[in-house]
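Residue 297 in the numbering used here sits at position 53 of the sequence shown, and the numbers go up by one each step.
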Amino acid sequence: MTIDIEKIAPPFLKTLEEFRQLVDSADTFLFDCDGVLFLGTQLTENAKVLLDMLRSSGKKVIFVTNNSTKSRRQLKAHFDSLGLDASLEECFGSAYASAVYLSEVLKFPKDKKVYVFGHEGIEEELDEVGIAHIGGSVSTRLYIESPLTVTYFKDPEDREFTPPIDYSQYPPDPSVGAVLCGADNWINWKKITKAVIYLHDPECRLVLTNPDATFPIGGSLFPAAGSMSAPIVYAAKQTPIVIGKPSKTMMDAVIAHHHINPARTIMIGDNLHTDIEFGINSGIRTLLVMGGVTKYEHIYGENPSPVVPTYVINRAGDLAALAKQ
245 MTIDIEKIAP PFLKTLEEFR QLVDSADTFL FDCDGVLFLG TQLTENAKVL LDMLRSSGKK
305 VIFVTNNSTK SRRQLKAHFD SLGLDASLEE CFGSAYASAV YLSEVLKFPK DKKVYVFGHE
365 GIEEELDEVG IAHIGGSVST RLYIESPLTV TYFKDPEDRE FTPPIDYSQY PPDPSVGAVL
425 CGADNWINWK KITKAVIYLH DPECRLVLTN PDATFPIGGS LFPAAGSMSA PIVYAAKQTP
485 IVIGKPSKTM MDAVIAHHHI NPARTIMIGD NLHTDIEFGI NSGIRTLLVM GGVTKYEHIY
545 GENPSPVVPT YVINRAGDLA ALAKQ
């Protein structure tokens, strides 16, 4: 199908003047990462040039990702390994966003603790904001299936994958003020049970790091945080607070920490239903990057998506052409 990009809305940015107007109109650029700045371990074309240009122009750059398994420190290490030279302040994963939301938005009580259903990235971020926690992981290693598969459990009981006979060993704990659920590659019945028991307390809040059902690797789709937390949501019968994209809650956390002006902020991403919908829900402008999970026909075809970005561009790195001016 032939696409006439001259006659469509949203505008398809392709000239230096359009690039300049976009960059000049914003102070903060929120970036999705995989598919926009890099593909796996390979940077996308001119991604580093673009980020360096924005920083040198006094723009704020923030990497917004739904990955809940990594802390800001771990995200920074990954970005640095790709040559992006990220700062901790620029990294905003869903684990950190969840910790910020609990601390700065919900004002989580100092005398309460969080039950963590997820990886050590969540625990590290809770430590950073001074919130006590149980569950999650520690340095006790457990090998599952092969010596290359290592996980960490704080409670030795959580290492067992068979249901208990004595159900009385799961008492409620009024000191648990929230259950924070992220991706957990070693999900089991006992961990789900603990979370649900804590949530029987109507004062205990259920918080999900992100709603993603799956994540792609090597052409296949694997269960993500949203799928892993589904049994807890269903059994607890409590409407969760969802942090990650496309929820506006993620933006509330970004604003609470970075004090940015939404009117001068742009979200750049390649996924209509996470990145672009996140921007729309948050009341900010969006720039859709083509060539990733979103194709031209999704925007300009006969049956376009109801999720419409503010602008469209071929690659995020195309904006780097301004660096040569």
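Positions of the beta carbon are idealized from the N, C-alpha and C atoms, including for glycine.
Quantities reported herein were computed from a predicted structural model and do not represent experimental measurements.
Could you tell me whether the Cβ atoms of Ala469 and Asp456 are closer together than 8 Å? yes
Return yes when the Cβ of Leu274 is within less than 8 Å of the Cβ of Val308, no when it is not. yes
Excluding the 5 residues preceding and the 5 following Ala497 in the sequence, name in chain order all residues of the same chain whose CB lies nearer than 6 Å to its CB. Ala341, Val344, Tyr345
According to DSSP, simplified to helix, strand and coil, what is Lys435? helix
Specify, as a first and last residue, the run of the beta strand (DSSP E) that Arg264 falls within. Here Arg264 belongs to no beta strand (DSSP E); instead the alpha helix (DSSP H) covers 260-268.
Taking the beta strand (DSSP E) that Ala376 belongs to, which residues open and close that run? Start and end: 376-379.
Taking the alpha-carbon positions, what's the Ile441 to Pro353 distance? Between Ile441 and Pro353, the alpha-carbon positions lie close to 20 Å from each other.
Near Gln318, what residues of its chain come up, given a Cβ to Cβ distance below 7 Å and the 5 sequence neighbours on each side ignored? The residues are Gly365.
Terminal residues of the continuous alpha helix (DSSP H) containing Tyr540? Start and end: 540-544.
Does the Cβ of Gly337 have 16 or more other Cβ atoms within 10 Å, making it buried, or fewer, making it exposed? buried
Could you name each continuous alpha helix (DSSP H) segment of 4 residues or more that falls completely within the stretch 420-505, going from the start of the chain to the end? 433-443, 469-480, 492-502
Kindly identify the DSSP beta-bridge partner or partners of Gly523. Looking at the DSSP assignment, Gly523 forms no beta bridge with any residue, so it has no partner.
Own chain residues within Cβ distance below 7 Å of Thr437, not counting five before or after: Tyr414
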